[in-house]
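Trainee:
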Amino acid sequence: MPDTWAPLADRFFEYYESVQGHVRTHLIDHNLRNHLPPPPADLVDVGGGAGHQALPLARDGYRITIVEPSEEMLRRASDLLAAEPTEVRKRVTLVRADGENAVSAVEGRRFAGVMCHAVLQYIEDPSVLLSALAELAEDGGIVSLVVKNQSALVMPPALAGRWSEALSAFDRTQNTCGLGVATRADTVEELGRWLAQREVRTSAWYGVGFFTDWWSSFNAPAVEPGEDLLSVELEASRRDPYRQLGRMFHLIGVRGDGDRATSIPS
Ligand SMILES: C[S@@+](CC[C@H](N)C(=O)[O-])C[C@H]1O[C@@H](n2cnc3c(N)ncnc32)[C@H](O)[C@@H]1O
34 MPDTWAPLAD RFFEYYESVQ GHVRTHLIDH NLRNHLPPPP ADLVDVGGGA GHQALPLARD
94 GYRITIVEPS EEMLRRASDL LAAEPTEVRK RVTLVRADGE NAVSAVEGRR FAGVMCHAVL
154 QYIEDPSVLL SALAELAEDG GIVSLVVKNQ SALVMPPALA GRWSEALSAF DRTQNTCGLG
214 VATRADTVEE LGRWLAQREV RTSAWYGVGF FTDWWSSFNA PAVEPGEDLL SVELEASRRD
274 PYRQLGRMFH LIGVRGDGDR ATSIPS
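Here the working numbering is used: the first residue of the sequence shown is 34, the next is one more, and so on.
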């Protein structure tokens with residue numbers, strides 16, 4: 034299969050080094066951990082890229098399978114893993130496959146947690162991928178999705194003063210991401226409906242990236258991602274009205290009847 038992510042890998046790594054990248058990792062990791070069972074548990078990260086989201090969990094004792102179609106991203110995941118202690122390396126398995134084929138790629142295994150972060154926006158019709166994600170979760174397992182937020186598409190053009198573009202963005206469902214790739218955007222309600230059709234009910238949702246994400250549209254203050262900044266973003270990710278205008282949102286679903294959630298903002 035052609036590796037469409039290979040030319041984007043450098044810029045993707047740069048993003049993770051930025052303030053926005055640090056905020057994203059902090060928010061997703063903190064909010065997800067409120068819902069996961071304690072380690073050790075088996076997790077799968079579909080479209081896990083170079084393992085930026087999976088590695089902190091593996092360090093804390095989770096066993097993680099990264100399913101990823103890009104050979105280049107998997108190579109970079111191997112490089113990052115090589116710098117980890119042996120016991121962390123042993124907890125991570127790399128599998129090359131599309132998310133749509135993940136169930137057969139992991140030979141029908143089921144997981145306590147299924148992550149798919151910042152992938153659905155690149156998939157024109159996400160229905161097959163969503164079915165695979167639901168199927169990968171065991172009964173009571175967590176499905177953790179991070180997607181582009183349709184409700185916030187108006188923010189970048191409006192903050193940049195591109196008013197006619199901003200006006201049309203209220204009803205748009207697509208834009209171009211920071212890597213220059215065309216992306217789809219979703220709403221919490223619609224994603225929740227699609228998951229419900231697959232026996233996954235929405236348990237909680239959070240915003241991802243509010244204050245710092247919108248700096249990049251005008252004057253980015255030169256600051257480090259210190260504890261105060263991370264705390265403010267984390268609080269905003271959990272509260273209305275802020276979470277509604279995050280650049281992305283993070284939805285936590287639960288497969289079947291079980292529920293492991295410990296803190297559930299509605
Ligand atoms: C923006 S990166 C996100 C990586 C990782 N989830 C993270 O948050 O750091 C998008 C990833 O989705 C992967 N991807 C693209 N199409 C996919 C598909 N059909 N199934 C699974 N992953 C896919 C790309 O190869 C890339 O690694």
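Backbone N, C-alpha and C fix where the C-beta goes; we use that ideal spot for every residue, glycine too.
#1: Is it true that the CB of V180 sits closer than 8 angstroms to the CB of F282?
#2: Between the alpha carbons of A116 and R122, how many angstroms are there, rounded?
#3: Would you mind sorting R109 into buried or exposed? The rule is 16 or more other CB atoms within 10 Å of its CB.
#4: At what residues does the alpha helix (DSSP H) containing S164 begin and finish?
#5: Alpha carbon to alpha carbon, how far is L65 from A191?
#6: Just checking, does the stretch 85-93 make contact with the stretch 54-69 on the three C-beta pairs under 8 angstroms criterion?
#7: At 3 residues or longer, what runs of the beta strand (DSSP E) sit wholly inside the stretch 226-293?
#8: To the nearest angstrom, report how far apart A202 and L224 are at their CA atoms.
#9: Where does N182 sit, in a helix, a strand or coil, going by DSSP?
#10: Take the Cβ of R124 as the centre, count every other Cβ of all protein chains shown within 10 Å, and call the residue buried at 16 or more, exposed below.
#11: At what residues does the alpha helix (DSSP H) containing T58 begin and finish?
Mentor: Looking at the coordinates:
#1: In this structure, the beta-carbon distance from F282 to V180 falls below 8 angstroms.
#2: So the alpha carbons of these two residues sit roughly 9 angstroms apart.
#3: buried
#4: 160-169
#5: 31 angstroms
#6: yes
#7: You should have 233-241, 281-288.
#8: Whole-angstrom Cα-Cα distance: 19 angstroms.
#9: Strand, per DSSP.
#10: buried
#11: 52-66
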